[in-house]
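**Student:** If you're matching positions, the sequence shown starts at 18 in this note's numbering and goes up one per residue.
Yeah, the Cβ is synthetic: ideal placement off N, Cα and C, and Gly gets one too.
Here you go, one structure.
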Amino acid sequence: VTYRALRAFRGALRADSVDDLNPGCAVADDLPSELLLHHILCARWPTKGEGVKLPMDRVGLSVSQYSLWLDKHGPNETVDALGASIETYENRVKSDGDRCSAWRVAKLWIETKKSEAAVSS
Numbered sequence: 018v019t020y021r022a023l024r025a026f027r028g029a030l031r032a033d034s035v036d037d038l039n040p041g042c043a044v045a046d047d048l049p050s051e052l053l054l055h056h057i058l059c060a061r062w063p064t065k066g067e068g069v070k071l072p073m074d075r076v077g078l079s080v081s082q083y084s085l086w087l088d089k090h091g092p093n094e095t096v097d098a099l100g101a102s103i104e105t106y107e108n109r110v111k112s113d114g115d116r117c118s119a120w121r122v123a124k125l126w127i128e129t130k131k132s133e134a135a136v137s138s
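Written out as structure tokens, the structure reads:
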């Protein structure tokens, strides 16, 4: 992680709401999307009600195993795994009205990353 990314992450931590972390926000240019998605899912997701499970929880990995998995896989695979976690949440919480704003922002990031990957391939 670069110095610029660390400074951008500080901006993500200080954002007033998850809506300030949409694709195209000030921190988006310098912060890897997989890092920002982890932040949204871990720190910005409401803890009450039906939450989203991180990929490590969905497949039964420990924190150290998940860390090793992240080291071995690239950003696109990480975003795909995070996207699968969001889809699992979507299937559990059927109504968009019951979904939190963090879901909407995370979904935008997943769609943006997938469209970027499609253009580059």
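(1) Between the beta-carbon of Leu-48 and the beta-carbon of Ala-22, is there less than 7 angstroms?
(2) Would you kindly report the start and end of the unbroken alpha helix (DSSP H) that includes Leu-125?
(3) Roughly how many whole angstroms lie between the Cα atoms of Thr-105 and Lys-89?
(4) Would you call the CB atoms of Pro-63 and Leu-125 closer than 7 angstroms?
(5) Spatial neighbours of Ala-123 within its chain, please: CB distance less than 7 angstroms, with the 5 preceding and 5 following residues excluded, ordered by chain position.
(6) Can the beta-carbon of Val-96 be found less than 7 angstroms from the beta-carbon of Lys-130?
(7) So, Pro-92 versus Glu-51, is the Cβ gap smaller than 7 angstroms?
(8) Would you mind sorting Arg-61 into buried or exposed? The rule is 16 or more other CB atoms within 10 Å of its CB.
**Tutor:** Answer, in terms of the structure:
(1) Inclusion of Leu-48 and Ala-22 in the CB contact set at 7 angstroms is warranted, their separation being smaller than that value.
(2) Run containing Leu-125: 118-137, per the alpha helix (DSSP H) assignment.
(3) Distance between the alpha carbons of Thr-105 and Lys-89: 24 angstroms.
(4) No.
(5) If we look at Ala-123 and ignore the five residues flanking it on each side, its Cβ neighbours are Leu-54, Ile-57, Leu-58, Ile-103.
(6) In contact: Val-96 and Lys-130 (Cβ atoms closer than 7 angstroms).
(7) Yes; because the gap between Cβ atoms is below 7 angstroms, this pair is in contact.
(8) Residue burial is scored here from C-beta neighbours: Arg-61 has at least 16 other C-beta atoms within 10 angstroms and is therefore classed as buried.
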